[in-house]
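Report on the following structure.
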Amino acid sequence: MTQHRIKEGFELLKKNGSRMTPQRKAIMEYLANTKSHPTADQIYNSIKDQFPNLPHTTVYNNLKCLKKYGIINELTYGQSASRYEWTTAFHYHVVCDSCGTLHDLHYPKLEEVEQYAEKKSRFNVTQHLFEIHGTCLECKNENVSFEES
Numbered sequence: 001m002t003q004h005r006i007k008e009g010f011e012l013l014k015k016n017g018s019r020m021t022p023q024r025k026a027i028m029e030y031l032a033n034t035k036s037h038p039t040a041d042q043i044y045n046s047i048k049d050q051f052p053n054l055p056h057t058t059v060y061n062n063l064k065c066l067k068k069y070g071i072i073n074e075l076t077y078g079q080s081a082s083r084y085e086w087t088t089a090f091h092y093h094v095v096c097d098s099c100g101t102l103h104d105l106h107y108p109k110l111e112e113v114e115q116y117a118e119k120k121s122r123f124n125v126t127q128h129l130f131e132i133h134g135t136c137l138e139c140k141n142e143n144v145s146f147e148e149s
C-alpha cells in the first residue's frame, strides 16, 4: 500500500512538472508509513540523518509542494505547529488539549452534513472542518497520578 501511495504521489508530481528529489521521496515515504500526524520538525528529525547539511527550509518547501498537489494534508489547530498526514479517505480528528496528540476518526454519517449543505445552499461544498477536543488517556492518567501525590 505504501509503495502504491508513493507511486501515485510521484505521478502527480510528474504530471505537474515537479521532480521527485531524494528529500521529497524521503518525506513522502515517512508520511506514507506513519500513523501519527507529525510536525515539520518531527519530519525533519526523522530524515536528517539521510541528508548531511539538510536545511529546515527544504522540508518546509517540500511539504508546501506536496500539499499544493493534494498528496498530503496540513492540519492546523490553533497556535500549535501544523501537522501533516498522507491524504486518504476523508476523515476527522480527535485532538488532545494537553499534549496535542491527534487521532483519526472515521464517521461516514458526517459526510451527510456536506451533502445536506450543498442541497440547502446550492454551494459546491469542497470541505468542512470538524474536530473533537478532549484529554487523551495518557494525559488523563498523568493528571490523576499527579493529583493523588
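Heads up: the sequence shown at position 22 corresponds to 22 in full-length UniProt numbering, and the numbers run straight through without jumps. Glycine residues also receive a C-beta, built at the ideal position from the N, C-alpha and C atoms.
_E85, buried or exposed, once every other Cβ within 10 Å from all chains shown has been counted against 16_ = Indexing the sequence shown from 1 puts residue 85 at position 85. When all chains shown are included, E85 counts as buried.
*Do you know offhand how far V94's Cα is from T21's?*
On the sequence shown, residue 94 is found 94 positions in, with the first residue counted as 1. On the sequence shown, residue 21 is found 21 positions in, with the first residue counted as 1. Taken atom to atom, the span from the alpha-carbon of V94 to that of T21 is near 33 Å.
_Between E131 and Y107, how many whole angstroms is the CB-CB distance? I'm expecting something under 8 Å._
Along the sequence shown, one-based indexing puts residue 131 at 131. Along the sequence shown, one-based indexing puts residue 107 at 107. The beta-carbon separation of E131 and Y107, rounded to 12 Å, does not stay under the 8 Å limit for a contact.
*Which runs of the beta strand (DSSP E) fall wholly inside the segment 36 to 89 and span at least 3 residues, in chain order?*
Entirely contained in the segment 36 to 89, the beta strand (DSSP E) runs reaching 3 residues are, in chain order, 72 to 75, 83 to 86.
*Tell me whether C139 sits in a helix, a strand or coil according to DSSP, three-state version.*
Residue mapping note: residue 139 aligns to position 139 of the sequence shown, counting from 1. Helix.
*asked:* Within 10 Å of its beta-carbon, does S149 have 16 or more other beta-carbons around it, so buried, or fewer, so exposed?
replied: For the purposes of this step, residue 149 is identified with residue 149 of the sequence shown, where counting begins at 1. With a pLDDT of 49 at S149, under the threshold of 50, the predicted position of this residue should be treated as unreliable, and no value is reported.
*asked:* If I measure Cβ to Cβ from S80 and keep anything under 6 Å in the same chain, skipping five residues before and after, which residues do I get?
replied: On the sequence shown, position 80 is the one that residue 80 refers to. G100.
*Examine the Cβ distances between the segment 107 to 121 and the segment 46 to 55 and report whether three or more of them are shorter than 8 Å.*
With a cut-off of 8 Å, the segment 46 to 55 and the segment 107 to 121 do not count as touching, because too few Cβ pairs lie within range.
*asked:* So, at 8 Å on beta carbons, what are the nonlocal neighbours of L12 in its own chain, with the 5 sequence-adjacent residues on each side left out?
replied: Reading the sequence shown from its first residue, position 12 is the one you call residue 12. Here the set comprises Y69, G70, I71.
*From the DSSP output, which residues share a beta bridge with V113?*
The residue you call residue 113 lines up with position 113 of the sequence shown. According to DSSP, V113 bridges with nothing at all.
_So if DSSP puts E131 in a beta bridge, which residue, or which two residues, is it bridged to?_
Here residue 131 refers to the residue found at position 131 when the sequence shown is read from its first residue. Bridge partners of E131: H93.
*Nearest-angstrom Cα distance between K7 and L129?*
Taking the sequence shown and counting its residues from 1, one reaches residue 7 at position 7. Taking the sequence shown and counting its residues from 1, one reaches residue 129 at position 129. Rounded to whole angstroms, K7 to L129 spans 29 Å at the Cα level.
*Roughly how far, in whole angstroms, is the beta-carbon of L75 from the beta-carbon of H37, given that I think they are within contact range, below 8 Å?*
Mapped onto the sequence shown, residue 75 falls at position 75. Mapped onto the sequence shown, residue 37 falls at position 37. About 6 Å; that satisfies the 8 Å criterion.
_Using a Cβ-Cβ cutoff of less than 8 Å, which residues in the same chain neighbour Q23 once the five nearest sequence positions on both sides are dropped?_
Translated into positions along the sequence shown, residue 23 becomes position 23. For Q23, where only same-chain residues beyond five positions count, the Cβ hits under 8 Å are I47, F51, L54, T58, V59, N62.
*Provide the residue span of the alpha helix (DSSP H) that contains H4, from first to last.*
Translated into the one-based positions of the sequence shown, residue 4 becomes position 4. Counting along the chain, the alpha helix (DSSP H) containing H4 begins and ends at 2 to 15.
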